[in-house]
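Chemist: Let me begin by handing over the structure; questions about it come next.
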Amino acid sequence: MAEGTITPTEEKKWNWTRLVLLVLPIIILGVVIMVFLTTGGGLNLASPAPVEALTEERTILQPGEIEITVRNAGPEDLTIAQVIINDAVWPYTTSSGATIPRLRTTTIHLAYPWAYGEAYAIRVFSTNAIPFDFEIPVAFETPKADAKTFLSFTLIGLYVGVIPVYLGLIWFPALRWLGRRSMVFLLALTAGILVFLGLDTLAEAIEQASAIPGAFQGIGLIGIGVVSTFLLLDAITKQQIATARSEVSQRLSLAYMIAIGIGLHNLGEGLAIGAAYNVGEIALGAFLVVGFIIQNITEGLGIIAPVLRDRPGIRHLAILGFIGGAPAILGSWIGAFSPSPTLAVLFLAIGTGAVYEVVYEIAKLIRKDTAREAMPLTVFSGIVAGMLVLWVTGLLIK
Amino acid sequence: MKQNLSRRDFLRAGALTLLGTAGVATITKVAGQAKASPLHQMGHGEDAMAMAVGEVDHQRNGFNPSEILTDFDYGMVSTLENGQTLREYVITAINKDIEVVPGIVFPAWVYNGRLPGPTIRCKEGDRIRIRFLNGSAHPHSMHFHGIHTAEMDGVPGTPGMIDPGESFTYEFDAEPFGLHLYHCHAAPLARHIAKGLYGAFIIDPNGGRPAVDQEFVMVMSGLDVDFDDENDFYAVNGIPFHYQLHPIQIGVGEKVRIYLVNILEFDLINSFHLHANFFNYYPTGTSLTPAEYTDNIMQTQAQRGILEFSYKYPGLYMFHAHNTEFAELGWTGFFEVVA
Chain A
24 MAEGTITPTE EKKWNWTRLV LLVLPIIILG VVIMVFLTTG GGLNLASPAP VEALTEERTI
84 LQPGEIEITV RNAGPEDLTI AQVIINDAVW PYTTSSGATI PRLRTTTIHL AYPWAYGEAY
144 AIRVFSTNAI PFDFEIPVAF ETPKADAKTF LSFTLIGLYV GVIPVYLGLI WFPALRWLGR
204 RSMVFLLALT AGILVFLGLD TLAEAIEQAS AIPGAFQGIG LIGIGVVSTF LLLDAITKQQ
264 IATARSEVSQ RLSLAYMIAI GIGLHNLGEG LAIGAAYNVG EIALGAFLVV GFIIQNITEG
324 LGIIAPVLRD RPGIRHLAIL GFIGGAPAIL GSWIGAFSPS PTLAVLFLAI GTGAVYEVVY
384 EIAKLIRKDT AREAMPLTVF SGIVAGMLVL WVTGLLIK
Chain B
8 MKQNLSRRDF LRAGALTLLG TAGVATITKV AGQAKASPLH QMGHGEDAMA MAVGEVDHQR
68 NGFNPSEILT DFDYGMVSTL ENGQTLREYV ITAINKDIEV VPGIVFPAWV YNGRLPGPTI
128 RCKEGDRIRI RFLNGSAHPH SMHFHGIHTA EMDGVPGTPG MIDPGESFTY EFDAEPFGLH
188 LYHCHAAPLA RHIAKGLYGA FIIDPNGGRP AVDQEFVMVM SGLDVDFDDE NDFYAVNGIP
248 FHYQLHPIQI GVGEKVRIYL VNILEFDLIN SFHLHANFFN YYPTGTSLTP AEYTDNIMQT
308 QAQRGILEFS YKYPGLYMFH AHNTEFAELG WTGFFEVVA
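Set out below in structure tokens:
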């Protein structure tokens with residue numbers, strides 16, 4: 024076949040021989056699988072010790088009670104035998120029986136007199152005498168999903184996402200008077216900021232991926248999230264540019280793309296903050312909130328960078344700020360009330376893909392400008408300055 | 008007995024709740040009843056207390072710690088030509104899967120299928136003849152604490168170290184009187200002990216000890232179920248929490264004697280604390296005069312001693328290791344003192 028004996032006309036014809044040839048490998052595959060499943064194919068496939076895995080989904084603490092939701096991440100069913108908390112075998116109940124089918128979850132309930140601010144180590148023994156350890160680094164009552172906590176997480180999202188982005192937008196009138204070189208610098212600065220944010224988001228995604236069940240293939244999930252988001256946004260942009268009437272509306276489209284990219288990044292950020300706050304891993308001190316505001320103010324700057332030479336109108340600016348900042352609120356809600364490690368990985372991957380697609384768009388815009396007048400040092404210093412800005416402001420947060 | 012009933016209900020309801028079959032309402036109700044009972048000690052606030060969920064299958068295990076408590080093996084008795092009493096025993100070492108904690112099966116190595124092995128009991132000066140069969144997949148031995156010849160010591164390099172499928176007869180005179188123990192001395196020693204090859208060895212003095220109403224044997228040990236050379240659970244007589252689930256019954260004023268042996272591997276010491284009471288303690292049982300009047304003693308591995316006490320008031324009284332970590336990982340029990 025490889026010798027090019029097939030002509031285009033032959034290729035279109037279908038007959039039984041071809042159908043059989045097409046289906047044959049699948050049939051043989053089925054037979055091979057059958058042979059393996061029934062005989063083991065001459066290999067000793069029985070493992071000497073059972074392979075089990077149990078991962079934590081979420082932990083809820085209420086006065087006198089600890090609830091930990093765990094997922095069976097192993098290849099077989101897993102049965103919980105005993106639960107030990109801080110070196111004491113403790114009576115427990117489960118939400119759906121002690122046996123957890125593959126990839127399913129169960130919630131372990133302990134009536135345990137925990138104390139505020141202390142650390143707890145929970146060990147779950149399976150019936151195969153395999154211990155799984157989970158940790159409550161700092162015990163405090165898990166916020167309930169009531170109006171008050173919704174409001175407080177909304178405020179967190181507002182402070183770390185919405186307010187900084189809008190603050191950045193306020194620069195718009197002042198920056199409109201910049202010359203071409205300064206504009207390019209600003210675009211490069213934005214690109215630098217986004218490269219840094221993208222790395223940050225990706226690192227967070229990879230870190231989270233290690234905590235999710237192996238069967239969910241965290242790294243693969245990141246790949247799917249990043250690549251599909253990148254390509255999807257690229258396709259949308261191309262379509263918009265194709266239908267755009269002028270260069271002005273093209274640039275406005277780009278501003279919207281940047282807002283979406285930053286918004287998706289902020290969704291991931293909100294998610295991480297909500298989840299971390301929930302398990303007491305971070306205390307949102309005033310200093311930390313200030314740090315977030317300073318860092319995220321640059322995001323607002325990035326959104327308006329492509330449209331500085333235009334007059335997009337206050338309505339567009341308001342929408343741009345909302346798209347860029349508000350997902351932080353949504354993210355903190357999800358992170359606080361329904362944290363799912365797997366979902367978090369996917370969101371973070373989407374954020375990464377979106378941010379890098381925007382970098383790609385900005386690069387195209389810069390190239391358009393530098394085509395008329397080469398200014399390599401402006402681009403270099405802009406990108407490096409953007410990355411450094413985030414690194415330095417990051418010192419306040421991390 | 009009404010009080011007794013409420014206590015039983017409390018324990019049973021506890022076990023059921025652990026199994027996830029009883030609702031919150033049940034336990035609140037029963038805990039309420041229990042509080043009204045003078046037998047109930049833990050009625051402060053919630054009845055939160057360390058405990059395993061469910062109960063092991065004693066039938067399938069082939070032994071029950073409640074029976075091991077009073078199971079003294081005097082052997083097959085005859086008299087030698089010189090007038091000496093001969094006690095003959097047959098002890099087999101086997102590999103055996105034992106459900107040590109509900110749901111967790113431990114691939115143990117045991118003497119005569121039980122954990123701990125049989126309590127060998129004899130009198131000072133008796134001739135002891137033990138036919139030892141190794142039905143296990145590994146070399147094993149019986150190393151007795153006592154006075155005997157080097158050939159009978161059951162350590163590597165002596166005829167008493169037995170390969171799988173082989174057998175040997177240990178023979179010696181029982182001395183000195185006291186509470187001793189035996190265990191496998193094959194290498195690696197820590198693993199062979201941790202896997203369950205141990206038992207108590209009691210030599211009564213000539214003329215016996217003063218009469219008591221009840222005698223119990225308690226062998227303290229640990230269970231390393233995941234083989235990381237750290238104990239995951241602790242127990243007396245093999246099964247963690249057994250006497251918490253099934254309190255040991257004694258009567259008010261009854262004289263009680265406990266033969267307490269520590270064979271705990273991996274941890275440095277073990278201890279025994281008796282609630283709301285004091286006991287006379289006879290270290291190694293080699294004297295008839297108590298060395299101490301206390302409510303808490305400590306033993307390192309292979310240390311042992313005899314405790315004597317009686318309860319003045321009826322009620323449910325805890326006894327446990329005062330290494331509280333061990334206590335909450337299974338080494339806790341109750342005496343139920345009835346009027």
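Chain order of the listed sequences is A and B. Take 24 as the starting number for the first sequence in our numbering and just add one per residue. Take 8 as the starting number for the second sequence in our numbering and just add one per residue. Glycine residues also receive a C-beta, built at the ideal position from the N, C-alpha and C atoms.
#1: So, does the CB of A/Gln105 fall closer than 8 Å to a CB anywhere in chain B?
#2: When you compare the segment 204-217 of chain B with the segment 232-239 of chain B, are there three or more beta-carbon pairs, one atom per stretch, that lie closer than 8 Å?
#3: Do A/Gly221 and A/Thr375 count as a contact pair if the criterion is CB distance below 8 Å?
#4: So does A/Gly215 have its beta carbon nearer than 7 Å to some heavy atom of the ligand GDP?
#5: In terms of DSSP beta bridges, what is A/Ser149 paired with?
#6: Taking the runs of the beta strand (DSSP E) that are 3 residues or longer, which of them lie wholly in the segment 156-205 of chain B?
#7: Looking only at its own chain, which residues have a Cβ that is under 6 Å from the Cβ of B/Gln91, when we skip the five neighbours before and after it?
#8: B/Gly161 and B/Gly363 - do their beta-carbons sit closer together than 8 Å?
#9: Suppose you measure from the CA of A/Phe345 to the CA of A/Asn95; what does that come to, to the nearest Å?
#10: On the DSSP letters alone, give me the boundaries of the alpha helix (DSSP H) that A/Ala228 sits inside.
#11: Between the beta-carbon of A/Leu413 and the beta-carbon of A/Thr321, is there less than 8 Å?
#12: Compute the distance between the beta-carbons of B/Ile304 and B/Gly312, then report whether it is under 8 Å.
#13: Look up B/Ala43 in the DSSP assignment and say whether it is helix, strand or coil.
#14: Just verifying my parser: in three-state terms, what is the DSSP assignment at B/Arg311?
#15: Less than 6 Å between C-beta atoms, sequence neighbours within five positions excluded: which residues of the same chain meet that for A/Ser355?
#16: What in chain B is Cβ-close to A/Ile153, meaning under 8 Å?
#17: Chain A partners of B/Val243, CB-CB under 7 Å?
#18: May I have the straight-line CA-CA distance separating A/Pro362 from A/Gln231, to the nearest angstrom?
#19: Taking the alpha-carbon of B/Val263 as reference, which of B/His192, B/Met225, B/Thr307 has the nearest alpha-carbon?
#20: Quick one: is A/Pro136 near chain B, going by C-beta distance under 8 Å?
#21: Do A/Thr150 and A/Ala104 have their C-beta atoms within less than 8 Å of each other?
#22: How about A/Ile245 and A/Ile229: are their beta carbons less than 8 Å apart?
#23: Return the bridge partner residues of B/Val97 from the DSSP annotation.
#24: Hey, is A/Val112's beta-carbon within less than 8 Å of any beta-carbon in chain B?
#25: DSSP three-state label for A/Tyr189, please.
#26: Less than 7 Å between C-beta atoms, sequence neighbours within five positions excluded: which residues of the same chain meet that for B/His329?
#27: Please return the same chain residues whose Cβ sits closer than 6 Å to the Cβ of B/Phe240, not counting the five positions on each side in sequence.
#28: Select from A/Thr252, A/Val185, A/Gly248 the residue whose C-alpha is nearest the C-alpha of A/Phe315.
#29: Please report how far the alpha carbon of A/Ala341 lies from the alpha carbon of A/Tyr189, in whole angstroms.
#30: Reducing DSSP to helix, strand and coil, say where A/Thr266 ends up.
#31: Starting from A/Thr177, trace the alpha helix (DSSP H) in both directions and tell me its first and last residue.
#32: Please classify A/Ala394 as buried or exposed, where buried requires at least 16 neighbouring CB atoms within 10 angstroms.
#33: From what residue to what residue does the alpha helix (DSSP H) around B/His65 run?
#34: Within a Cβ cutoff of 6 Å, which residues of the same chain sit near A/Gly4, ignoring the five residues on either side of it in sequence?
#35: Does the segment 195-203 of chain B come close enough to the segment 61-73 of chain B that 3 or more CB-CB pairs lie under 8 Å?
#36: By the 10 Å Cβ neighbour count, where 16 or more other Cβ atoms means buried, how is A/Val43 classified, buried or exposed?
Modeler: Looking at the coordinates:
#1: Interface flag for A/Gln105 against chain B is set, since a Cβ pair is found closer than 8 Å.
#2: Taking 8 Å as the limit for Cβ pairs, the verdict is that the segment 232-239 of chain B does not touch the segment 204-217 of chain B.
#3: In this structure, A/Thr375 lies near A/Gly221, with their beta-carbon atoms less than 8 Å apart.
#4: Although the ligand GDP was asked about, the structure shown includes no ligands whatsoever.
#5: Under DSSP, A/Ser149 forms a beta bridge with A/Ile103.
#6: Runs found: 174-180, 185-190.
#7: Closer than 6 Å at the Cβ level, and outside the excluded window around B/Gln91, lie Arg134.
#8: Limits of chain B in this structure are 8 at one end and 346 at the other, which puts residue 363 of chain B out of reach.
#9: A/Phe345 and A/Asn95: Cα-Cα distance of roughly 39 Å.
#10: Note, A/Ala228: alpha helix (DSSP H), 203-232.
#11: Annotated as proximal: A/Leu413 and A/Thr321, with beta-carbon spacing under 8 Å.
#12: Yes, they are a contact pair.
#13: Unreliable positioning characterises B/Ala43 in this predicted model, as indicated by a pLDDT of 33, which lies under 50. A coordinate reading is not provided.
#14: Here DSSP, grouped into helix, strand and coil, assigns B/Arg311 to strand.
#15: Counting only Cβ-Cβ distances below 6 Å, and skipping sequence neighbours, we find Phe176, Ile179, Gly180, Gly293, Ile296, Gly297.
#16: Residues of chain B passing the Cβ test: Asp233.
#17: Ordered by position in chain A, no residue passes the 7 Å Cβ test against B/Val243, which lies about 15 Å from the chain.
#18: Straight-line Cα distance between these residues: approximately 12 Å.
#19: If we check each option's Cα against that of B/Val263, B/Met225 comes out closest.
#20: A/Pro136 belongs to the set of residues whose beta carbon lies under 8 Å from a beta carbon in chain B.
#21: Closer than 8 Å, so yes.
#22: Closer than 8 Å, so yes.
#23: B/Arg138, per the DSSP bridge assignment.
#24: Yes - at least one Cβ of chain B is within 8 Å of the one on A/Val112.
#25: Helix, per DSSP.
#26: So the qualifying residues of the chain are Ser278, His280, Asn303.
#27: Val108, Leu230, Pro247, Leu336, Gly337.
#28: For A/Phe315, the nearest C-alpha among the options comes from A/Val185.
#29: Spanning the alpha carbons of A/Ala341 and A/Tyr189 requires a straight line of approximately 8 Å.
#30: Helix.
#31: Bounds of the alpha helix (DSSP H) holding A/Thr177 are 170-180.
#32: Result: exposed.
#33: 65-68 is the span of the alpha helix (DSSP H), which, as asked, contains B/His65.
#34: Residue 4 of chain A is absent from the model: chain A starts at 24 and stops at 421.
#35: Verdict: no, contact absent.
#36: Around the beta carbon of A/Val43, fewer than 16 other beta carbons sit within 10 angstroms, so the residue counts as exposed.
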